[in-house]
Amino acid sequence: MSATAVPQRVGTPPTLLNYPFGRTYDEMFASPEVPRAHYQALQRTLLSLRPEELRKSQQAADLTFLQEGITFTVYGSKEGTERIFPNDLIPRIILAEEWAQIEKGLTQRVTALNLFLRDIYHEGRILTEGVVPRELVYSCKHFRREMRGLNVPRDTYVSICGTDLVRLPDGTFAVLEDNLRVPSGVSYMLANRKVLKRVFPTMFRDYGVSPIDHYPQALLATLRSLAPENSPYPQDPTTVLLTPGVSNSAYFEHTFLAQQMGIELVEGRDLLVHDNVVYMRTTAGPRRVDVIYRRVDDDFLDPLCFRRDSILGVPGLFNAYRTGNVTLANAIGTGVADDKAVYAYVPEIIRFYLSEEPILQNVPTFLMTDAVQRNHVLEKMDQMVVKAVGESGGYGMLIGPHSSKQQQEDFRQRVLADPRNYIAQPTLSLSSAPCLIDGEVESRHIDLRPYILMGEKVTLVPGGLTRVALRKGSLVVNSSQGGGSKDTWVLRAGNGDDRVAPGAAATDKGIAGRTSAEK
Amino acid sequence: MRPPRNYFVRAVRRDAGMLSRVADSLYWMSRYLERAEHTARLVDVELQLWLDQSPEAGAGRWRFLLEALRTPAGPGAIDPTRLVDTLVFSRKNSSSIVSCIATARENLRHVREQCSSEMWEQLNRLYLEVMDARPEEAWMLKSHGFFRAVLEGAHLFQGITDGTMSHGEGWQYIQLGRYVERTDTLASLMETHFKRMAQPADQVVESEEYLEWVGLLRACVAFEAYCKVHTAAIRPLRVADFLLLNPEFPHSIRFSVDRVNAALHIIGDLTERKAKAPTRIAGRLRAQLSFSQIEEIMADGAHAYLENVRSECSQIHAAIHQIYFDYAIEGELAS
């Protein structure tokens, strides 16, 4: 290729021109045109790339996702409709000291929630002392009477937790919600990293990013540490991943994790219970199962105990569990602690069990069961986010500022009909970050879901899934509602100021750039 | 009490076998694909023969085709267009080519992580190709391209499977499925054929009869292989001998049963269930085929012999199902 064929860039490149600044906290810019110190190397790299180079890199990344089958299934559409979970190429960067704070905060939070679950299914001290109202817990849709008095290995109810964090305008992180049942998305975290390392290898190395690739191993270690005491092989328990099946939206993640951990991916029909022991049906005969990482909701686990119409579960599983012959991770009935009304009490729960002040703050939450709070919310429906307490995935919620009068009236009726089922929060301004939208850099709202593992010890891999609300101005990041994700870089201690990577900008040309150069 | 730690012994014992559901899916996937291949070849050959033959000789052809494929014929006269539609495109007929390929794909889709991605891509491509094809005016006369595509697609899949998947227990179920199905379809085809023809003799046949016997050979991809052994002189007795008892030709019954037997032995070793029924029945059938003489078979009646092969074959199938896929759990735990 001759030198004259290379287009000459004149003046400011078009990228970063269309970057609006709002009232929210921006991850990249402290003020217009002035990036935060740890984003300067990223800015240099972005400025060195032409829009078509960025676009080509994005296409190459999308193709990787499609070819490797990193997809999710869309409900309610034609059979076998699989979509890629949109991935954004611009990483989100978190400083080591910010992460240290998050890690401490989440460890504290999940420890307290775990103690809370143990307590409400045993003595119920916190209820007796009136810190959390008894009727709030007992009226929770996910409270399982069947779990009363049942002991679980290591007293661990929540072994896998995904907590959604948002960054408030003042730059601090707050917990938006806890996911203590079957949190998903971790496979996308790993896939995003794999792709980004390919697109920006030099920048990645120069930044000093903490690795996350050991997540499957950490997950397996966590699961194995929870083996039942009476297992014939407590040191080497047979561990399986229970999936609802191919039609589940997260099926890719189930196969991915099972493969990465080297364990069997089973469906309900592969398992059976005999004499309160769980076996999986193999060609060499039944093999005893000790630990089940279940990706099936409580309701569907055991038709003899929970929903009778479930064909995803295993008849008799609960009795085997009750007898202590098998471990389920997470335990049954953990949904009480991520109920959005119980959420409001989490700071109190932390103080009660740990005698510590919460490190991560909650978002202000109004309980609809309280008449004063309810009236306050009903007067200001257009400024509130109203959520059903037991829902997840962005379903069953009203975002006041983006809603019509009709929708507000609809939610008002629903709240009045069943106040226990709803809570409200002021509309938050989620922080924004630069995202690549059709070759241009634009700002979009994001959140952060780190994954916490709790077995013998609490483990967090540095980072998590940064979810992006891809629709302009939207605050909803869920994949089912048009969300995407981006890689999350937690820097190693000592990295992240402007000493980072002066050379990075010149070398990374993205996938497309590099291929054409190699030709 | 904790059992003594002997890692290797224990690891072998506990890791033996694979999920029954997965084995079952691989087995059926393979059977369906083999069935699609067989049907495609047979219908293709029959359509070619139909062009060559006088109308009188062709009259019984469609009924024969349905019978050879064990597809129930509707009442009344058989209209060739509707017949081909039933055998090729109909989703109501679970043994039509399109249905078979769709079912094979569905089986593989459920165990996608157990096969190589190349396998999945190839089967998916074949599926999309046959789903795209639609019967139209005069489709029958230019259908050869379609059948060729099905055969090539299936062959490519087999090659990819052998080249990209570990030849472990899962692969053995794929072998098993293919050859159980092949034994059954071959026996069924020959049984129907022998019923229609005069007692095979060791004499060269001509004209209409010649076409029928060549048709049979072609339906088993055996014409060239037969010629190499017995020259192009078509002697029905030798054709029967070749298709039934030849140990080297992949579309003979004896060869297929040998493969079934071999796969069952390896699976028996891997699962430590060697003494079980499937291996025993397959061994018995294999011995029978190894020591039979074609003259004796014909003297006792080919029909009875083939009937027996098919019955043994379905017993093997039932035994595989009962021992490996859907055993009674109480019995297993008691032993």
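In the order they appear, the protein sequences are chains S and V.
Number 224 in the numbering used here belongs to position 224 of the first sequence; there are no gaps in the numbering.
If you count the second sequence from 1, you need to add 1000 to reach the numbering used here.
We treat Cβ as the ideally placed atom computed from N, Cα and C, and that holds for glycine.
A quick note: this is a predicted structure, and the numbers were derived from the prediction, not measured.
Which residues of chain V have a Cβ atom closer than 8 Å to the Cβ of glutamate 267/S, listed in chain order?
For glutamate 267/S, the chain V residues whose Cβ falls inside 8 Å of its Cβ are Arg1021, in order along the chain.
Give me the subset of the region 1159-1180 of chain V whose CB atoms are less than 9 Å from a CB atom of chain S, sorted by chain position.
Cβ contacts with chain S: Glu1169 and Tyr1173.
Any C-beta of chain S under 8 Å from that of isoleucine 1329/V:
Flagged as an interface residue toward chain S: isoleucine 1329/V, by a C-beta distance shorter than 8 Å.
Could you give the distance in angstroms between the alpha-carbon of threonine 283/S and the alpha-carbon of threonine 459/S?
Going from the Cα of threonine 283/S to the Cα of threonine 459/S covers about 36 Å.
Where the alpha helix (DSSP H) containing aspartate 297/S begins and where it ends:
Membership of aspartate 297/S in any alpha helix (DSSP H) is not indicated, and neither H nor E is assigned to it by DSSP.
By Cβ distance, which residues of its chain are closer than 7 Å to leucine 430/S, with the 5 residues on each side in sequence left out?
Around leucine 430/S, the same chain offers Thr24, Val166, His445, Ile446, Asp447 and Leu475 as residues with beta carbons nearer than 7 Å, after the five sequence neighbours per side are excluded.
Stretch-stretch touch, CB-based, cutoff 8 Å, three pairs: the region 1020-1036 of chain V with the region 259-276 of chain S
Under the Cβ criterion (8 Å, minimum of three pairs), the region 1020-1036 of chain V counts as touching the region 259-276 of chain S.
For aspartate 1015/V, is the classification buried or exposed, using 16 other Cβ atoms within 10 angstroms of its Cβ as the cut-off for buried?
The residue in question, aspartate 1015/V, is exposed, as its Cβ has fewer than 16 Cβ neighbours within 10 Å.
Give me the residue from Glu391/S, Gln425/S and Val415/S with the minimum Cα distance to proline 401/S.
Cα-wise, what sits closest to proline 401/S is Gln425/S.
When the Cα of aspartate 299/S is compared with those of Thr427/S, Val182/S, Arg44/S and Thr111/S, which residue comes out closest?
Of the candidates Thr427/S, Val182/S, Arg44/S and Thr111/S, the one whose C-alpha sits nearest the C-alpha of aspartate 299/S is Val182/S.
Terminal residues of the alpha helix (DSSP H) in which valine 110/S lies:
Here the alpha helix (DSSP H) through valine 110/S covers 96-120.
For the beta strand (DSSP E) holding threonine 488/S, just list the boundary residues, first then last.
Residues 483-490.
Buried/exposed call for arginine 134/S, threshold 16 Cβ in 10 Å
Counting C-beta atoms within 10 angstroms of its own C-beta, arginine 134/S has fewer than 16 neighbours from the protein chains shown and is therefore classed as exposed.
For chain S, find out if any of its Cβ atoms is closer than 8 Å to the Cβ of tyrosine 1127/V; answer yes or no.
Interface criterion not met: the Cβ of tyrosine 1127/V is under 8 Å from no Cβ in chain S.
CA-CA distance, lysine 405/S and glycine 262/S?
Roughly 52 Å separates the two Cα atoms.
Please list the terminal residues of the continuous alpha helix (DSSP H) segment that includes asparagine 495/S.
From DSSP, asparagine 495/S is part of no alpha helix (DSSP H); its letter is neither H nor E.
Confirm the yes/no value for this check: CB of threonine 327/S, any heavy atom of the ligand ZN, distance under 7 Å.
No copy of the ligand ZN occurs in the structure displayed, which carries no ligand at all.
Please identify the residue among Thr1192/V, Gln1158/V and Phe1242/V whose C-alpha is closest to the C-alpha of arginine 1178/V.
When only C-alpha atoms are compared, the closest one is Gln1158/V.
Compute the beta-carbon to beta-carbon distance between isoleucine 1297/V and tyrosine 1305/V, rounded to the nearest angstrom, for a pair I have assumed lies under 8 Å.
Sure, about 5 Å apart at Cβ, within 8 Å.
At the 8 Å Cβ level, is methionine 280/S part of the contact set with chain V, yes or no?
Yes, methionine 280/S counts as interfacial toward chain V.
Local conformation of glycine 124/S per DSSP, three classes:
Residue state, collapsed to three classes: coil.
Along the region 1092-1121 of chain V, what residues have a CB closer than 8 Å to any CB found in chain S?
If the cut-off is 8 Å between Cβ atoms, the region 1092-1121 of chain V has Arg1109, His1110, Arg1112, Glu1113 and Ser1117 near chain S.
For leucine 176/S, which residues from the same chain have a beta carbon less than 7 Å from its beta carbon, with the 5 sequence-adjacent residues on both sides left out?
Taken in chain order, the residues that qualify are Asp164, Leu165, Val166, Val363 and Asp447.
Just how far apart, CA to CA, sit arginine 471/S and glutamine 1322/V?
Rounded to the nearest whole angstrom, the C-alpha separation of arginine 471/S and glutamine 1322/V is 54 Å.
Which whole runs of the beta strand (DSSP E) in the region 301-368 of chain S are 3 residues long or more, in chain order?
Runs of the beta strand (DSSP E) lying entirely within the region 301-368 of chain S and spanning at least 3 residues, in chain order: 327-329.
Nearest chain V C-beta to histidine 214/S closer than 8 Å, yes or no?
Put simply, the CB of histidine 214/S is far from chain V, with every gap to its CB atoms at 8 Å or more.
Contact under 8 Å by Cβ, alanine 250/S with valine 291/S
It is not a contact, given that the beta carbons lie outside the stated cut-off.
Determine, using beta carbons only, whether tyrosine 1027/V comes closer than 8 Å to chain S.
Cβ-Cβ to chain S under 8 Å: no for tyrosine 1027/V.
Any beta-carbon of chain V closer than 8 Å to the one on aspartate 270/S?
Interface with chain V (8 Å Cβ-Cβ cutoff): aspartate 270/S is included.
Backbone CA spacing between leucine 113/S and aspartate 410/S [nearest angstrom]
Spanning the alpha carbons of leucine 113/S and aspartate 410/S requires a straight line of approximately 33 Å.
Let's test the definition: count the other Cβ atoms within 10 Å of the Cβ of cysteine 1227/V and tell me whether it reaches 16, buried, or not, exposed.
Classification of cysteine 1227/V: exposed, given that the 10 Å Cβ count is below 16.
Considering Cα atoms alone, identify which of Val326/S, Gln361/S, Ser210/S and Glu68/S is closest to leucine 106/S.
When only C-alpha atoms are compared, the closest one is Gln361/S.
Look at the alpha carbon of arginine 36/S and the alpha carbon of phenylalanine 72/S, and state the distance between them as a whole number of angstroms.
Each residue's Cα considered, the two are about 35 Å apart.
Ordered along the chain, which non-local residues of its own chain (more than five positions away) have a Cβ less than 7 Å from that of arginine 1111/V?
Sequence check: residue 1111/V is valine here, not arginine. Answer for valine 1111/V: Val1022, Ser1025 and Leu1026, listed in chain order.
Which same chain residues end up closer than 7 Å to arginine 281/S when comparing Cβ atoms and leaving out the 5 residues on each side of it in sequence?
Non-local C-beta neighbours of arginine 281/S in its own chain, meaning closer than 7 Å and more than five positions away in sequence, comprise Asp270 and Leu272, ordered along the chain.
Please name the residue in Thr156/S, Ala371/S, Leu150/S and Ile70/S whose C-alpha comes closest to that of leucine 190/S.
Residue Ile70/S is the option with its Cα nearest to leucine 190/S.
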